[in-house]
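Report on one structure; see the data block that follows.
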Amino acid sequence: MKRSLKLAAVAATLALGLTACGSGGGDTEAELGTPENPVRIGTVSAGEPYWETFKSAVEAEGISVELVNFTDYSQPNPALSEGEIHLNQFQHIIFLAQYNEASGEDLQAVGSTATYPLALYSNEFDSPEAIPDGETVIVPNDETNQARALLVLQSVGLIELADGGSPYSTLNDIEDSSRVKVEAVDAALTASSLVDVAAAIINNDFVTDAGLTAEDAIAQDDPSDPSTQPYVNIWATSADQVDNPVFAQIIEIYHGNQEVIDGVLESSGNTAEIVDLPAADLNTTLADVQTAYTEAQ
1 MKRSLKLAAV AATLALGLTA CGSGGGDTEA ELGTPENPVR IGTVSAGEPY WETFKSAVEA
61 EGISVELVNF TDYSQPNPAL SEGEIHLNQF QHIIFLAQYN EASGEDLQAV GSTATYPLAL
121 YSNEFDSPEA IPDGETVIVP NDETNQARAL LVLQSVGLIE LADGGSPYST LNDIEDSSRV
181 KVEAVDAALT ASSLVDVAAA IINNDFVTDA GLTAEDAIAQ DDPSDPSTQP YVNIWATSAD
241 QVDNPVFAQI IEIYHGNQEV IDGVLESSGN TAEIVDLPAA DLNTTLADVQ TAYTEAQ
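My numbering numbers the first residue of the sequence shown as 1 and each following residue consecutively.
So this is what it looks like as structure tokens:
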């Protein structure tokens with residue numbers, strides 16, 4: 001179906017009286033996506049210029065949205081579970097899987113955005129090989145990014161992980177034979193901690209906080225590798241809103257607007273791989289990852 005026909009179908013659905021999801025409401029609540037009841041989208045990177053480009057593109061199609069910025073990764077999923085926001089867009093599949101398992105929630109993917117590399121940065125050294133033995137390297141402390149960060153450090157020879165490592169590796173899996181010490185801090189603090197250590201794994205959202213660009217990375221994983229599919233970043237919502245046509249239109253606009261895509265790529269230093277997968281495929285991967293996570297505990 002052509003995009004114009006899809007948008008017409010969404011408009012027709014809205015005209016029939018689509019009501020809002022999330023908290024509050026009742027029969028008198030304004031339709032979702034109207035100025036009276038905008039779609040509230042949670043993220044941790046609302047300061048990136050592409051978000052305003054995206055917001056303008058969505059509103060040009062007659063959908064009102066409100067960007068809600070959170071200071072760290074622990075906040076957007078609980079806010080979604082509590083109905084404080086309607087969508088969030090900040091996490092990859094593994095992160096959502098672990099949240100669902102830990103909280104007993106059933107948040108689902110409604111669309112994908114991109115796969116971002118996870119990179120190693122240093123103020124002192126221009127390669128992993130140049131880092132002296134015994135130095136300290138910082139990684140994020142949340143389970144998913146920590147395990148991925150440890151795999152990056154292993155891939156460049158800075159550490160060795162028990163049994164070769166996995167998406168669920170922890171600091172306890174670092175072998176004594178490793179070249180460097182590893183400490184974990186909140187992902188939002190990895191950038192500011194860089195001045196005190198030899199190197200740090202810094203999530204893409206926080207790279208600019210350290211006055212760095214993606215080109216400054218001294219190592220990273222490969223986002224185009226099929227093995228990184230669990231790290232595809234997604235749009236998430238509550239399970240009962242996966243088929244919401246307003247959300248489908250929003251995600252279609254995201255992928256169909258070249259200015260938005262260009263902005264996303266620019267914000268990643270042109271290192272991101274844009275990914276547009278059906279929600280059904282994403283949620284199949286999500287279910288598989290949740291099962292694997294449960295078995296790993």
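Just so you know, even glycine gets a beta-carbon here, dropped at the ideal spot from N, CA and C.
Helix, strand or coil at residue i [DSSP, three-state]
| i | result |
| --- | --- |
| residue 265 | helix |
| residue 136 | strand |
| residue 198 | coil |
| residue 257 | coil |
| residue 46 | coil |
| residue 277 | coil |
| residue 66 | strand |
| residue 26 | Annotation note: pLDDT 40 at residue 26 (below 50); position unreliable, coordinate value reported separately. It is coil, neither helix nor strand. |
| residue 248 | helix |
| residue 21 | Its pLDDT being 43, under 50, residue 21 is placed unreliably by the model, and the measurement read from it follows with that caveat. Reduced to three states, the DSSP call for residue 21 is coil. |
| residue 272 | coil |
| residue 71 | coil |
| residue 289 | helix |
| residue 39 | strand |
| residue 284 | helix |
Proximity test, Cβ basis, 9 Å: residue i and chain C
| i | result |
| --- | --- |
| residue 82 | No chain C appears in the structure shown, which is made up of a single protein chain. |
C-beta atoms of residue i and residue j nearer than 9 Å
| i | j | result |
| --- | --- | --- |
| residue 119 | residue 219 | yes |
| residue 39 | residue 235 | no |
| residue 204 | residue 188 | no |
| residue 137 | residue 131 | yes |
| residue 179 | residue 167 | no |
| residue 191 | residue 146 | no |
| residue 239 | residue 121 | no |
| residue 46 | residue 77 | no |
| residue 142 | residue 73 | yes |
| residue 237 | residue 67 | no |
| residue 293 | residue 154 | no |
| residue 195 | residue 123 | yes |
| residue 212 | residue 96 | no |
| residue 207 | residue 221 | no |
| residue 144 | residue 223 | no |
| residue 161 | residue 86 | no |
| residue 281 | residue 50 | no |
Rounded Cβ spacing between residue i and residue j (contact assumed at less than 8 Å)
| i | j | result |
| --- | --- | --- |
| residue 259 | residue 53 | 5 Å |
| residue 42 | residue 80 | 7 Å |
| residue 55 | residue 65 | 6 Å |
| residue 198 | residue 101 | Their Cβ separation, rounded to whole angstroms, is 34 Å, which puts residue 198 and residue 101 out of contact at 8 Å. |
| residue 169 | residue 158 | Not a contact, Cβ separation roughly 14 Å. |
| residue 57 | residue 244 | So it is not a contact: roughly 19 Å between Cβ atoms. |
| residue 289 | residue 94 | 6 Å |
Residue i CB to nearest heavy atom of the ligand FAD below 8 Å
| i | result |
| --- | --- |
| residue 185 | Within the structure as shown, the ligand FAD is missing, as the structure has no ligands at all. |
(message) For the stretch 172-181 against the stretch 107-114, do three or more pairs of beta-carbon atoms, one drawn from each stretch, fall closer than 8 Å, so that the two count as touching?
(response) no
(request) Please specify which runs of the beta strand (DSSP E), each continuous and at least 3 residues long, are wholly inside the stretch 111-175, giving them in chain order. (result) 119-121, 136-140
(request) Mind the definition here: the stretch 229-243 touches the stretch 266-283 only if three or more C-beta pairs lie below 8 Å; say whether that holds. (result) yes
(message) My parser needs the alpha helix (DSSP H) runs of 4 or more residues fully inside the stretch 82-107; what are they?
(response) 93-103
(request) Answer yes if the stretch 54-61 comes into contact with the stretch 248-264, meaning at least three C-beta pairs across the two stretches below 8 Å, and no otherwise. (result) yes
(request) Please specify which runs of the beta strand (DSSP E), each continuous and at least 3 residues long, are wholly inside the stretch 183-239, giving them in chain order. (result) As far as the stretch 183-239 is concerned, its whole beta strand (DSSP E) runs of at least 3 residues are 199-202, 232-237.
(request) Check whether the stretch 79-94 touches the stretch 260-268, counting contact only when three or more Cβ pairs, one atom from each stretch, lie closer than 8 Å. (result) no
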